[in-house]
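So the structure is just underneath, and the comments pick up after that.
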Amino acid sequence: MAGANASFTSLLLISSLLLASHVSGLEVEYSSLPLVKGLSWKYYDSSCPKLESIIRSHLKKVFKENIGLAAALLRLQFHDCFVQGCDASLLLHGSTSGPTEQDAPPNLTLRPEGFEIINDLRQLVHDNCGSVVSCADITAIAARDSVFLSGGPDYNVPLGRRDGLTFATRDATLANLPAPSSNTSVLLDSLATKNLDATDLVALSGGHTIGLGHCAAFIERLYPTQDPTLEKTYAKDLKQVCPTQDSNDTTVLDIRSPNKFDNKYYVDLMNRQGLFTSDQDLYTDSRTKDIVTRFAVDEDLFFEEFVKSMVKMGQLSVLTGKQGEIRANCSVRNSDNIKLASVVDDDDESASEL
Ligand code: HEM
Numbered sequence: 003m004a005g006a007n008a009s010f011t012s013l014l015l016i017s018s019l020l021l022a023s024h025v026s027g028l029e030v031e032y033s034s035l036p037l038v039k040g041l042s043w044k045y046y047d048s049s050c051p052k053l054e055s056i057i058r059s060h061l062k063k064v065f066k067e068n069i070g071l072a073a074a075l076l077r078l079q080f081h082d083c084f085v086q087g088c089d090a091s092l093l094l095h096g097s098t099s100g101p102t103e104q105d106a107p108p109n110l111t112l113r114p115e116g117f118e119i120i121n122d123l124r125q126l127v128h129d130n131c132g133s134v135v136s137c138a139d140i141t142a143i144a145a146r147d148s149v150f151l152s153g154g155p156d157y158n159v160p161l162g163r164r165d166g167l168t169f170a171t172r173d174a175t176l177a178n179l180p181a182p183s184s185n186t187s188v189l190l191d192s193l194a195t196k197n198l199d200a201t202d203l204v205a206l207s208g209g210h211t212i213g214l215g216h217c218a219a220f221i222e223r224l225y226p227t228q229d230p231t232l233e234k235t236y237a238k239d240l241k242q243v244c245p246t247q248d249s250n251d252t253t254v255l256d257i258r259s260p261n262k263f264d265n266k267y268y269v270d271l272m273n274r275q276g277l278f279t280s281d282q283d284l285y286t287d288s289r290t291k292d293i294v295t296r297f298a299v300d301e302d303l304f305f306e307e308f309v310k311s312m313v314k315m316g317q318l319s320v321l322t323g324k325q326g327e328i329r330a331n332c333s334v335r336n337s338d339n340i341k342l343a344s345v346v347d348d349d350d351e352s353a354s355e356l
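Residue numbers (my numbering): 3 to 356.
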């Protein structure tokens with residue numbers, strides 16, 4: 003946590019760049035979004051100019067087959083950044099040093115396809131540019147494209163993250179990813195440790211406008227006693243999906259438009275049709291209720307705040323400069339990568355100038 007705070011205390015304002023992007027008709031002035039030292043809007047402009055088009059065109063194909071995978075990639079970025087920062091440590095497979103972040107309970111429901119897609123992207127980017135782009139940056143761009151290709155805002159992603167050499171423990175993972183049973187007080191406290199405020203909390207929770215949840219994540223709202231904040235017909239429908247306490251089916255997070263990135267999630271909350279306690283309580287708690295209402299009536303405002311919060315979240319405790327490494331395979335540290343040892347030089351020289 004101290005690391006996350008330190009990163010944000012050291013935010014530097016890059017005022018010379020006048021980059022702007024369309025957010026559903028609105029312009030977000032990138033010059034006004036603070037950047038952590040070491041990241042840049044144009045990091046790979048010379049070392050991998052096609053980076054973003056390679057990722058976007060591959061994901062377009064992937065999502066044409068299965069748009070649900072956009073949700074998997076968006077969630078991956080959240081789970082990477084909240085635990086030990088956006089360092090792609092979540093992508094590391096097991097090793098002799100013990101259970102990985104992937105083995106910690108909140109990460110067990112991440113879809114395996116999400117990890118595979120990041121590795122495929124890593125390969126495509128590597129084929130085009132060599133070993134210069136980090137897995138952490140690929141994950142951040144993939145999350146942005148998941149939002150955009152599902153109907154949400156397009157935005158620029160600060161780049162230049164490096165990949166971590168260690169993964170977080172099970173305890174650290176549990177401590178940093180709030181449970182779906184959390185109320186707003188718990189969520190506000192959790193996000194405050196990362197310098198994220200109530201608007202960030204409500205905006206980022208809007209990620210639940212796409213994707214799925216398993217019964218286990220909301221079953222305590224149905225049995226033994228039904229949560230009185232659940233709208234009655236919705237509760238009945240949920241009981242059909244999860245007929246018993248140990249049901250393991252899934253249901254959509256946003257009943258109005260489950261695969262579209264829009265502001266309907268907030269309309270759900272206003273109708274007491276939020277799936278998790280952590281969602282619905284945002285409309286019960288007086289500190290967040292008005293923000294929910296504003297996002298429900300103004301999609302442009304939601305998109306604008308979502309972009310700002312994603313850019314903030316995407317910079318939590320990042321590794322930059324000569325810290326960490328550029329992994330050749332997103333699931334394996336370079337030092338554990340037997341194939342790599344004999345063929346790849348130190349990657350520091352090939353990294354872009356800031
Ligand atoms: C605020 C605290 C949050 C809590 C407590 C939370 C909790 C959860 C839970 C329990 C699931 C369902 C897992 C399952 O049962 O399969 C889920 C899914 C999801 N979450 Fe969150 N989440 C939070 C914040 C976020 C944020 C910040 C984002 C992204 C900006 C996000 C994006 C998603 C997406 C896209 C899914 C669907 C994944 C899929 O379909 O594979 N969540 N979340």
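The beta-carbon is built from N, C-alpha and C at its ideal position, and this holds for glycine as well. Remember, predicted model here, so these are calculated numbers, not experimental data.
- Roughly how many angstroms separate the alpha carbons of N121 and P107, rounded to a whole number? Going by the C-alpha atoms only, they are around 22 Å apart.
- Task: Take L61 as the anchor and find which of A74, P51, C50, S49 has the nearest alpha-carbon.
- Result: Taking L61 as reference, the option from A74, P51, C50, S49 with the minimal CA-CA separation is A74.
- Task: Along the beta strand (DSSP E) that carries L318, what are the first and last residues, could you check?
- Result: Unbroken run through L318: none, as it is neither H nor E.
- Task: Enumerate, from N- to C-terminal direction, the unbroken beta strand (DSSP E) stretches of 3 or more residues contained entirely within the region 163-237.
- Result: Segments of the beta strand (DSSP E) lying fully in the region 163-237: 214-216.
- Among G209, A237, R289, nearest to Y358 - alpha-carbon criterion: The structure shown has nothing for residue 358, since the chain only spans 3 to 356.
- Is there at least one Cβ from chain B nearer than 7 Å to G154's Cβ? Going by chain labels, chain B is absent from the structure shown, which holds only one protein chain.
- Item | Where S136 falls, given that 16 or more other Cβ within 10 Å makes a residue buried | Burial is judged here by how many other beta carbons sit within 10 angstroms of a residue's own beta carbon; S136 has at least 16 and is buried.
- DSSP beta-bridge partners of E327: For E327, which the question treats as bridged, DSSP gives the partners D165.
- Item | Limits of the unbroken beta strand (DSSP E) element including T369 | Nothing in the structure corresponds to residue 369, since the chain is present only between 3 and 356.
- Message: Is H216 a contact residue of ligand 1, with contact defined as CB to any heavy atom under 6 Å?
- Response: Checking the Cβ of H216 against ligand 1 gives yes.
- Query: CB of A298 to nearest heavy atom of ligand 1: below 6 Å?
  - Reply: No - ligand 1 has no heavy atom lying nearer than 6 Å to the Cβ of A298.
- Message: For G316 and C88, I'd like the C-alpha separation in whole angstroms.
- Response: Distance between the alpha carbons of G316 and C88: 6 Å.
- Message: Let's test the definition: count the other Cβ atoms within 10 Å of the Cβ of G323 and tell me whether it reaches 16, buried, or not, exposed.
- Response: Result: exposed.
- Query: Is any heavy atom in ligand 1 found nearer than 6 Å to the beta carbon of L206?
  - Reply: Result yes, Cβ under 6 Å from ligand 1.
- Message: Please tell me whether F220 and F304 are closer than 7 Å, where the distance is taken between their beta carbons.
- Response: Contact flag unset, no.
- Item | When R146, T252, R289 are compared against R420, the one with the closest alpha-carbon | Nothing about residue 420 can be read from this structure; the chain reaches only from 3 to 356.
- Query: Mind checking D264: buried by the 16 CB within 10 Å criterion, or exposed?
  - Reply: Counting Cβ neighbours within 10 Å, D264 comes out buried, since at least 16 surround it.
- Query: So is the beta-carbon of R223 under 6 Å away from any non-hydrogen atom of ligand 1?
  - Reply: Within 6 Å of the C-beta of R223 there is not a single heavy atom belonging to ligand 1.
- Task: With hydrogens ignored, establish whether the beta-carbon of T111 is closer than 6 Å to any heavy atom of ligand 1.
- Result: Yes, Cβ of T111 sits closer than 6 Å to a heavy atom of ligand 1.
- Run the proximity test for F304: is its beta-carbon closer than 6 Å to any non-hydrogen atom belonging to ligand 1? For ligand 1, not one heavy atom lies less than 6 Å from the Cβ of F304.
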